[in-house]
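What follows is one structure encoded as structure tokens, with my remarks underneath.
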Amino acid sequence: MEQKTLVLGVIGADVHAVGNRILDYAFSQAGFKVINIGVLASQEEFIQAAIETDADAIMVSSLYGHGEMDCRGLREKCQEAGIGDILIYVGGNLVIGKQEFANVEKRFKDMGFDRVYPPGTMPETAITDLHRDLKF
Numbered sequence: 017m018e019q020k021t022l023v024l025g026v027i028g029a030d031v032h033a034v035g036n037r038i039l040d041y042a043f044s045q046a047g048f049k050v051i052n053i054g055v056l057a058s059q060e061e062f063i064q065a066a067i068e069t070d071a072d073a074i075m076v077s078s079l080y081g082h083g084e085m086d087c088r089g090l091r092e093k094c095q096e097a098g099i100g101d102i103l104i105y106v107g108g109n110l111v112i113g114k115q116e117f118a119n120v121e122k123r124f125k126d127m128g129f130d131r132v133y134p135p136g137t138m139p140e141t142a143i144t145d146l147h148r149d150l151k152f
């Protein structure tokens with residue numbers, strides 16, 4: 017079976033390194049090839065890494081509440097770069113303050129994200145979704 021490649025990172029001015037390492041470990045243990053671009057990553061860095069590695073998915077993490085601002089336009093930039101169909105997952109504390117997750121999820125899906133996860137989601141949930149979405 018072909019190994020699937022994921023680009024993983026923490027977007028924007030966020031330095032959530034511990035969660036990033038946990039996700040890297042979980043996805044690697046689940047058999048994925050993980051390209052971890054680390055913390056303080058820009059949209060362009062995610063896209064460049066995905067192009068260079070022929071990645072199957074982009075996994076965006078954000079914990080400091082500014083994910084909505086940091087992620088806006090990512091799908092469009094992927095389209096401009098020629099990888100418009102790539103799976104894009106996002107999770108964490110994506111917005112400031114207490115907001116109904118269903119509303120947050122809708123906003124991110126409207127921005128072109130395939131899967132949106134609330135804070136505290138276990139990596140196994142995303143792994144199951146990756147298997148389903150990548151059909152393996």
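What the sequence shown shows, in the numbering used here, is residues 17 to 152, in sequence order.
We put the beta carbon where it would ideally sit given N, CA and C, even for glycine.
- Return the first residue and the last residue of the beta strand (DSSP E) that R131 is part of. From DSSP, the beta strand (DSSP E) with R131 extends over R131 to Y133.
- Query: CA-CA distance, S78 and V106?
  - Reply: Approximately 8 Å, taken between the alpha carbons.
- Task: Taking Y80 as part of the beta strand (DSSP E), name the residues at either end of that continuous run.
- Result: For Y80, no beta strand (DSSP E) run applies, since DSSP gives it neither H nor E.
- Give the straight-line distance between the Cα atoms of A71 and G83, rounded to the nearest whole angstrom. One C-alpha to the other measures close to 22 Å.
- CB-CB length for A73 against I51, believed under 8 Å: Wrong, their Cβ atoms sit about 10 Å apart, outside the cutoff.
- Message: Suppose only complete runs of 3+ residues qualify. What are the beta strand (DSSP E) ranges in the segment 40 to 125, listed by chain order?
- Response: If one requires a minimum length of 3 residues, the beta strand (DSSP E) runs lying completely within the segment 40 to 125 are 49 to 57, 73 to 78 and 103 to 108, in chain order.
- Give every residue of the same chain whose Cβ lies closer than 6 Å to the Cβ of T69, excluding the five residues on either side of it in the sequence, and list them in chain order. Taking C-beta separations shorter than 6 Å and ignoring five residues to either side along the sequence, the partners of T69 in its chain run T21 and I51, following chain order.
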